[in-house]
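One structure below.
Numbering (this note's numbering), first residue to last: 43 to 326.
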């Protein structure tokens, strides 16, 4: 069975379909030494030599490289790049090794932000989950330092003009705290750089702790320790794909380290309050 080149490359994690199409149009992709064209189809042929920018890339057969997604609990102090010239730890250091494809981070969390970070082998899925057109919700538990009154809450809900455009929280709810240290749960439908921190800063409040607890319909599991990951099951991957208008074609199961893999987790009923309580207990 043949498959469009851009679809095959996106399926195996070499970028989104749109990104691959741009590279093909620019003459940056070749098949057996010949410049590829949009609309080219490839067969399940191990002898094919496909290169992007001169680098040989692998494309596993259709049906062999199925959609895989893992949920990683990012600790503070890790950066979201594959390598760092300063030698800082990255979110890719603890991920399981793959053959024939690679993990793509669904969005980023800055070095001082912790919590849920999704990785997938499907470039098209990653692109859709991040794209603002799909308006996939991101939910955060945020601890702020400063006085928060009703006027500031109103501004954050109505919208504040940032340097890169108007922004607002879809949902904002008080979660507890005393004095000038308070916890809130906030929800956004986009992933602009440092957006949560910048919104609070605009009303004169500093974010002292930030943790992502949900991305779309996937929650941060209660029992997942920092720096550990768990693979989503078939039902969860199907729900995630349907959220951005993609068909389900199943998934495979990773060879999982028992210390990393947690079973019977109720991922869709996470209580942010319990996360906050755990953080407070750890600080004592």
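Yeah, the Cβ is synthetic: ideal placement off N, Cα and C, and Gly gets one too. From a predicted model like this one, the values you see are computed outputs, not experimental measurements.
Using DSSP with H/G/I as helix, E/B as strand and the rest coil, what is residue i?
i	result
residue 153	coil
residue 213	strand
residue 244	helix
residue 292	With a pLDDT of only 49 at residue 292, under the threshold of 50, the placement of this residue in the model should not be trusted; the figure read from the coordinates follows. Reduced to three states, the DSSP call for residue 292 is coil.
residue 158	strand
residue 183	strand
residue 64	helix
residue 225	strand
Among the options, which one has its Cα closest to the Cα of residue i?
i	options	result
residue 204	237, 231, 74, 156	237
residue 270	133, 91, 282	133
residue 175	286, 58, 50	286
What's the gap between the Cα of residue i and the Cα of residue j?
i	j	result
residue 116	residue 213	23 Å
residue 177	residue 231	5 Å
residue 304	residue 257	Reliability of the predicted coordinates at residue 304 is poor, the pLDDT of 39 falling under 50, and the value obtained from them is presented with this limitation in mind. Going by the C-alpha atoms only, they are around 19 Å apart.
residue 242	residue 194	9 Å
residue 170	residue 284	11 Å
residue 55	residue 190	43 Å
residue 196	residue 122	33 Å
residue 85	residue 240	49 Å
residue 288	residue 167	8 Å
residue 93	residue 253	39 Å
residue 50	residue 44	10 Å
residue 95	residue 80	16 Å
Once the 5 residues before and after residue i are set aside, which same chain residues still bring their CB inside 6 Å of it?
i	result
residue 281	259
residue 77	69
Who are the Cβ neighbours of residue i in its own chain at under 8 Å, not counting the five residues just before and after it?
i	result
residue 223	185, 186, 187, 250
residue 208	201, 202
What residue range does the alpha helix (DSSP H) around residue i cover?
i	result
residue 116	Counting along the chain, residue 116 falls outside any alpha helix (DSSP H), though it belongs to the beta strand (DSSP E) covering 111 to 116.
residue 278	276 to 285
residue 192	192 to 200
residue 167	165 to 172
Let's see if you can read the secondary structure: which residues bound the beta strand (DSSP E) around residue i?
i	result
residue 71	71 to 73
Short of 7 Å in beta carbon distance, which residues of its chain neighbour residue i, apart from the five on each side in sequence? Order them along the chain.
i	result
residue 299	Only weak support exists for where residue 299 lies, its pLDDT of 40 falling under 50; the value from the coordinates is given anyway. Here the set comprises nothing.
residue 165	52, 55, 56, 57, 58, 146
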